[in-house]
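What follows is one structure encoded as structure tokens, with my remarks underneath.
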Amino acid sequence: MGLRAQHSNGFCLLQVEDSRIDAAGAIAFKEAVRQASEGGQDDVLLDLSAVVAVMKALGPDRRLHLAGLRPAVAKVFRLTRMDSVFTIHATVADALKDAA
Amino acid sequence: MGKTVFSLSFTATPLAVRRGLLAFETYLAGLPVASERRDSICIVLAEALNNITEHAYPNATGPIWLRAQVQGHQFIATLRDRGAALPAGLLPQPGPGTGHSAPNPTDLPEGGFGWHLIRSLADGLDHARFAQWNELRIIFRNAVPSPPLP
Numbered sequence: 002m003g004l005r006a007q008h009s010n011g012f013c014l015l016q017v018e019d020s021r022i023d024a025a026g027a028i029a030f031k032e033a034v035r036q037a038s039e040g041g042q043d044d045v046l047l048d049l050s051a052v053v054a055v056m057k058a059l060g061p062d063r064r065l066h067l068a069g070l071r072p073a074v075a076k077v078f079r080l081t082r083m084d085s086v087f088t089i090h091a092t093v094a095d096a097l098k099d100a101a
Numbered sequence: 004m005g006k007t008v009f010s011l012s013f014t015a016t017p018l019a020v021r022r023g024l025l026a027f028e029t030y031l032a033g034l035p036v037a038s039e040r041r042d043s044i045c046i047v048l049a050e051a052l053n054n055i056t057e058h059a060y061p062n063a064t065g066p067i068w069l070r071a072q073v074q075g076h077q078f079i080a081t082l083r084d085r086g087a088a089l090p091a092g093l094l095p096q097p098g099p100g101t102g103h104s105a106p107n108p109t110d111l112p113e114g115g116f117g118w119h120l121i122r123s124l125a126d127g128l129d130h131a132r133f134a135q136w137n138e139l140r141i142i143f144r145n146a147v148p149s150p151p152l153p
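Note that the protein sequences, when read in sequence, are chains A and B.
FYI, this note's numbering numbers position 22 of the first sequence as 23, with every residue one higher than the one before it.
FYI, this note's numbering numbers position 139 of the second sequence as 142, with every residue one higher than the one before it.
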């Protein structure tokens, strides 16, 4: 599971480099997110612009922000009402601008 | 213009399902189906195929047979597996207030959305058990505004 992490404007920005987060990759994805966000305090911003299919998330005191949802991914979030749980931004640039 | 019929068999494993879906998406991209509708069809098939690998074959694996075709303005996908029978009453019909309700997203559930997504996005569902096979027929109405000639 390709996941690139960097810190920016108070976010731990995670960029997903695979085009699918599906049942075959879900466990590896969860582990990659856990490792990449471990030990930090920042909110996590997940860039999904490379992702064309489905995803799932993480936990407690920090918020998870999502950016770059393609139409199919956005549809799944809407139908599962996951869009009410996460803070969703159109693009990473928008999210960073809002935080600045 | 792409072919009107798609047929593929594969083993019920997550990776084989992923490959099967990629082949299916290529086929679907060759049909005159709006991209918004294409997304819905792919989401439904992904959920239905993952249900089979998880629930029809919980401790083993087995064959999945996927066939899809344009029928007039309808798009119909048929899935067969030789796994455990779908429990009676599990198959929800499309529309509100039937079958399983979706989990509450604020509980951050890790699953249980499959049938909800299928029911929300498909227009018709039909399940039958023949001999040792499950057969699930999924219908998308008016998916093909101008059907290709057969």
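Heads up, the beta-carbon is just placed ideally off N, CA and C, and yes, glycines get one too.
Given the structure is predicted, the values throughout are model-derived calculations rather than measurements.
Whole-Å CB distance - residue i paired with residue j, under 8 angstroms assumed
i, j, result
"Ala-51(B)", "Leu-139(B)", "6 angstroms"
"Val-147(B)", "His-76(B)", "5 angstroms"
"Val-93(A)", "Leu-14(A)", "7 angstroms"
"Pro-108(B)", "Thr-81(A)", "6 angstroms"
"Pro-150(B)", "Val-36(B)", "Not quite, the Cβ-Cβ distance comes to about 10 angstroms (not below 8 angstroms), so this is no contact."
Residue i vs residue j beta-carbon contact at 8 angstroms
i, j, result
"Tyr-30(B)", "Phe-13(B)", "no"
"Ile-67(B)", "Asp-42(B)", "no"
"Gly-117(B)", "Pro-106(B)", "no"
"Val-17(A)", "Asp-48(A)", "yes"
"Ile-142(B)", "Val-47(B)", "no"
"Leu-89(B)", "Asn-137(B)", "yes"
"Met-83(A)", "Ala-33(A)", "no"
"Ala-134(B)", "Tyr-60(B)", "no"
"Thr-56(B)", "Pro-17(B)", "yes"
"Ile-22(A)", "Phe-12(A)", "no"
"Ala-51(A)", "Ala-6(A)", "no"
"Ala-96(A)", "His-66(A)", "yes"
"Ala-26(B)", "Leu-11(B)", "yes"
"Pro-72(A)", "Glu-28(B)", "no"
Where the alpha helix (DSSP H) containing residue i begins and where it ends
i, result
"Leu-120(B)", "117 to 124"
"Pro-189(B)", "Outside the shown range of chain B, which is 4 to 153, sits residue 189(B), and nothing can be said about it."
"Phe-12(A)", "From DSSP, Phe-12(A) is part of no alpha helix (DSSP H) but of the beta strand (DSSP E) over 12 to 17."
"Arg-35(A)", "27 to 38"
"Leu-80(A)", "72 to 80"
Residue environment, residue i, which counts as buried when at least 16 other CB atoms sit within 10 Å
i, result
"Gly-23(B)", "buried"
"Arg-64(A)", "exposed"
"His-8(A)", "exposed"
"Gly-69(A)", "buried"
"Asn-162(B)", "The first residue shown for chain B is 4 and the last is 153, placing residue 162(B) beyond what the model contains."
"Gln-42(A)", "exposed"
"Asp-110(B)", "exposed"
"Ala-24(A)", "buried"
"Ser-85(A)", "exposed"
"Ser-123(B)", "buried"
"Gly-2(B)", "The structure shown does not extend to residue 2(B), since chain B is modelled only from 4 through 153, so no value can be given for it."
"Asp-129(B)", "exposed"
"Gly-40(A)", "exposed"
"Met-56(A)", "For Met-56(A), the pLDDT reaches just 49, beneath the cut-off of 50, and the residue's location in the model is therefore unreliable, although a value from the coordinates is still provided. Result: buried."
"Ile-28(A)", "exposed"
Bounding residues of the beta strand (DSSP E) (the contiguous stretch that carries residue i)
i, result
"Phe-9(B)", "8 to 14"
"Arg-83(B)", "77 to 84"
"Gln-7(A)", "4 to 9"
"Asn-54(B)", "Unbroken run through Asn-54(B) is the alpha helix (DSSP H), 38 to 54; no beta strand (DSSP E)."
"Asp-99(A)", "Asp-99(A) -> not in any beta strand (DSSP E); alpha helix (DSSP H) instead, spanning 93 to 100."
"Phe-133(B)", "127 to 133"
"Ile-48(A)", "Correcting the residue identity first, residue 48(A) is Asp in this sequence and not Ile. Per DSSP, Asp-48(A) belongs to the beta strand (DSSP E) from 44 to 48."
Neighbouring residues, chain D, relative to residue i (Cβ below 9 angstroms)
i, result
"Leu-80(A)", "This model lacks chain D altogether; the protein chains it does include are A and B."
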